[in-house]
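Trainee: Here it is, the structure, as structure tokens.
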Amino acid sequence: MNETSDPISLSAKALREFRDDVLAGLKKEPKELQSKYLYDAEGDELFRQIMRAPEYYLTDCEMEIFKEQCADMAAPLNDFRDGLDVIELGAGDAAKSYYLLQYLISQGFNFTYYPIDISANIINILKDQLPERLPGIKIQGIQGDYFQALKKAVATSSRPKLVMFLGGNIGNMPPEEALEFCIELRRNLSPGDRVLMGFDLKKDPWLIFNAYNDHGGITEKFNLNLLSRINRELGANFDTSLFHHYENYDPETGACKSYLISKANQVVTIGAQQISFREHEHIFTETSQKYTSEQIGAFASGSGFESLLKLTDSKDWFTDVIWRAV
Ligand SMILES: C[S@@+](CC[C@H](N)C(=O)[O-])C[C@H]1O[C@@H](n2cnc3c(N)ncnc32)[C@H](O)[C@@H]1O
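Position in the sequence shown (from 1) plus 9 gives the number in the working numbering.
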């Protein structure tokens with residue numbers, strides 16, 4: 010199956026959707042842009058730099074879980090040794106799942122890995138690089154939106170599934186949307202299938218705030234790249250020096266939100282359309298929701314899953330849970 014496309018040029022349909030979503034979002038009051046569009050080739054690279062930033066504890070915490078607790082993680086999968094589809098939604102560079110995949114290979118599991126990502130660029134990187142790093146791995150990358158791509162992956166075989174959804178991915182949804190996501194995920198799976206999901210836990214608000222305000226300014230570049238991407242792909246004329254990144258964490262709701270703030274009154278042209286910005290006006294670009302263990306348990310029971318396992322890092326800042334579809 011070759012489900013990847015040219016990393017640079019989007020298909021005509023994807024480009025139309027991108028343009029429609031951007032214009033609809035910027036005509037809203039308040040303005041917003043969907044976070045899934047942060048990830049083009051430049052965004053993928055900037056996100057990989059964010060993961061290495063000292064303030065961005067999420068990757069280190071989840072990496073520790075994957076490096077040190079793979080055997081525990083794989084134990085609930087033992088029944089599926091002879092045939093398993095491992096599907097990863099929003100796989101990114103698979104830096105953490107790599108360790109579980111390596112462990113499954115070393116234990117003789119018979120599985121195919123289906124990384125799914127909206128970014129064709131990252132899927133192409135995975136397809137090129139993973140077989141070199143994990144000889145013998147069977148990999149079928151699928152580029153697309155979560156559920157559209159998941160349906161394709163699920164349809165390829167009747168084998169049991171493990172669906173991974175790691176890092177900050179579920180955090181990119183506010184709690185109501187995250188529950189809807191879990192319900193939709195369950196609808197696409199069969200009883201007995203497993204889910205491995207990562208959640209960032211509520212903790213000292215300063216740690217969270219600093220994670221999205223790194224001193225190196227990579228998060229700002231990542232956020233501003235969305236405007237550059239709109240320039241590149243939709244023929245717009247954003248002057249990125251006239252916007253800055255702003256982050257806000259609310260310990261009450263657990264929502265950590267990213268914004269781009271206009272530094273001046275300005276008018277931007279996107280194709281034939283003109284969008285006005287007031288000085289200090291914000292564009293909401295991404296949420297990074299933080300959860301409590303109780304909320305996570307409620308997601309499982311509220312969406313048709315049973316919790317099998319909860320793993321945390323040594324600081325108790327991040328958790329990966331394994332659920333079974335009931
Ligand atoms: C925050 S990164 C996390 C990557 C990886 N899961 C990790 O933990 O390191 C989010 C990834 O999800 C992908 N993504 C975001 N929205 C998506 C969507 N709606 N459908 C498919 N992939 C999506 C992005 O392209 C990006 O690679």
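Positions of the beta carbon are idealized from the N, C-alpha and C atoms, including for glycine.
Just so it is clear, the structure is predicted and the values come from calculations on it, not from any experiment.
1. Suppose contacts are defined by Cβ-Cβ distances below 7 Å. Is isoleucine 74 in contact with tyrosine 65 by that definition?
2. Considering only residues of the same chain and omitting the five flanking positions on each side of arginine 28, which have a CB-CB separation below 6 Å?
3. Report all residues from its chain with a CB closer than 8 Å to the CB of glutamate 288; omit the five preceding and five following residues, and keep chain order.
4. Is it true that the segment 124–131 meets the segment 91–101, where meeting means three or more beta-carbon pairs spaced less than 8 Å apart?
5. Identify whether valine 163 lies in helix, strand or coil by the three-state DSSP scheme.
6. With contact counted as at least three CB pairs below 8 Å, one residue from each stretch, are the segment 223–236 and the segment 315–323 in contact?
7. Determine the burial state of valine 276: buried for a count of at least 16 other Cβ atoms within 10 Å of its Cβ, exposed for fewer.
8. With contact counted as at least three CB pairs below 8 Å, one residue from each stretch, are the segment 135–142 and the segment 151–163 in contact?
9. By DSSP's criteria, histidine 254 is part of a beta bridge. Which residues make up the other side?
10. Between which two residues does the beta strand (DSSP E) holding proline 124 run?
11. Beta-carbon within less than 7 Å of valine 335's beta-carbon, same chain only, minus the 5 sequence neighbours each way: which residues are those?
12. What residue does the beta strand (DSSP E) around valine 31 start on, and which one ends it?
13. Using only the heavy atoms of ligand 1, determine whether one of them is closer than 6 Å to the beta carbon of asparagine 274.
14. In angstroms, rounded to a whole number, what distance separates the CA positions of aspartate 259 and glutamate 303?
15. Would you list the residues sitting across from glutamine 282 in a DSSP beta bridge?
16. Give the range of the beta strand (DSSP E) segment to which arginine 203 is assigned.
17. Determine the direct distance from the alpha carbon of threonine 301 to that of threonine 262, and round the result to whole angstroms.
18. Considering only residues of the same chain and omitting the five flanking positions on each side of glutamine 409, which have a CB-CB separation below 7 Å?
19. Where are the alpha helix (DSSP H) runs, 4 residues long or more, that stay fully inside the segment 76–163, in chain order?
20. Following the continuous alpha helix (DSSP H) through serine 44, name the residue where it begins and the one where it ends.
21. Got a sec, what are the start and stop residues for the beta strand (DSSP E) lysine 170 sits in?
22. Excluding five sequence neighbours on each side, which residues of the same chain lie with their C-beta closer than 8 Å to the C-beta of alanine 103?
23. Beta-carbon within less than 7 Å of serine 14's beta-carbon, same chain only, minus the 5 sequence neighbours each way: which residues are those?
24. Just checking serine 250 against ligand 1 - is the residue's beta carbon closer than 6 Å to any of the ligand's heavy atoms?
25. Between the beta-carbon of leucine 317 and the beta-carbon of arginine 333, is there less than 7 Å?
26. Measure from the alpha carbon of phenylalanine 35 to the alpha carbon of each residue in Leu269, Thr296 and Phe308, then state which is nearest.
27. Span of the beta strand (DSSP E) holding alanine 309?
28. With DSSP collapsed to three states, give me the class of phenylalanine 247.
Mentor: From the atom records:
1. Working through the sequence shown from its first residue, we reach residue 74 at position 65. Working through the sequence shown from its first residue, we reach residue 65 at position 56. Result no, Cβ atoms of isoleucine 74 and tyrosine 65 do not sit closer than 7 Å.
2. Against the sequence shown, residue 28 aligns to sequence position 19. Counting only Cβ-Cβ distances below 6 Å, and skipping sequence neighbours, we find Leu243.
3. Sequence index remark: in the sequence shown, residue 288 carries index 279 (1-based). If we look at glutamate 288 and ignore the five residues flanking it on each side, its Cβ neighbours are Ser271, Lys272, Ala273 and Asn274.
4. yes
5. Numbered from its first residue, the sequence shown carries residue 163 at position 154. Reduced to three states, the DSSP call for valine 163 is helix.
6. no
7. On the sequence shown, residue 276 is found 267 positions in, with the first residue counted as 1. It is exposed - the Cβ of valine 276 has fewer than 16 other Cβ atoms within 10 Å.
8. no
9. For the purposes of this step, residue 254 is taken as residue 245 along the sequence shown, with counting starting at 1. For histidine 254, which the question treats as bridged, DSSP gives the partners Leu269.
10. The residue you call residue 124 lines up with position 115 of the sequence shown. Unbroken beta strand (DSSP E) run through proline 124: 120–126.
11. Residue mapping note: residue 335 aligns to position 326 of the sequence shown, counting from 1. Cβ within range, chain order: Pro200, Gly313, Phe314 and Glu315.
12. In the sequence shown, the residue the question calls residue 31 occupies position 22. It is not in any beta strand (DSSP E) - valine 31 instead sits in the alpha helix (DSSP H) that spans 21–36.
13. Numbered from 1 along the sequence shown, position 265 holds the residue referred to as residue 274. No, the Cβ of asparagine 274 stays beyond 6 Å of every heavy atom of ligand 1.
14. The residue given as residue 259 occupies position 250 in the sequence shown. The residue given as residue 303 occupies position 294 in the sequence shown. Approximately 18 Å, taken between the alpha carbons.
15. For the purposes of this step, residue 282 is taken as residue 273 along the sequence shown, with counting starting at 1. Note: glutamine 282 sits in a beta bridge opposite Ile279.
16. Working through the sequence shown from its first residue, we reach residue 203 at position 194. It spans 203–209 - the beta strand (DSSP E) in which arginine 203 sits, taken as one unbroken run.
17. By 1-based counting over the sequence shown, the position of residue 262 is 253. By 1-based counting over the sequence shown, the position of residue 301 is 292. Using only the alpha carbons, I get a separation of about 11 Å.
18. Past the edges of the chain, shown from 10 to 335, lies residue 409, and the structure says nothing about it.
19. 79–83, 106–115 and 129–142
20. As a first step, residue 44 must be located in the sequence shown, where it is residue number 35. Run containing serine 44: none; DSSP gives neither H nor E here.
21. Mapped onto the sequence shown, residue 170 falls at position 161. 170–174 is the span of the beta strand (DSSP E), which, as asked, contains lysine 170.
22. Position 94 of the sequence shown holds residue 103. Result list for alanine 103: Glu97, Leu110, Pro124, Leu135 and Leu139, in chain order.
23. Numbered from its first residue, the sequence shown carries residue 14 at position 5. Here serine 14 scores only 38 on pLDDT, less than 50, and its place in the model should not be relied on; the value that follows carries that caveat. If we look at serine 14 and ignore the five residues flanking it on each side, its Cβ neighbours are Ser20, Ala129 and Gln152.
24. As a first step, residue 250 is located in the sequence shown; it is residue number 241 there, counting from the start. The answer is no for serine 250.
25. Against the sequence shown, residue 317 aligns to sequence position 308. Against the sequence shown, residue 333 aligns to sequence position 324. Yes, these two residues count as a Cβ contact at 7 Å.
26. The count along the sequence shown starts at 1 and reaches residue 35 at position 26. Here residue 35 turns out to be leucine, not phenylalanine, going by the sequence shown. With distances taken between Cα atoms, leucine 35 lies closest to Leu269.
27. Taking the sequence shown and counting its residues from 1, the one referred to as residue 309 is at position 300. Unbroken run through alanine 309 is the alpha helix (DSSP H), 302–311; no beta strand (DSSP E).
28. Within the sequence shown, the letter at position 238 stands for residue 247. Here phenylalanine 247 sits in coil by DSSP.
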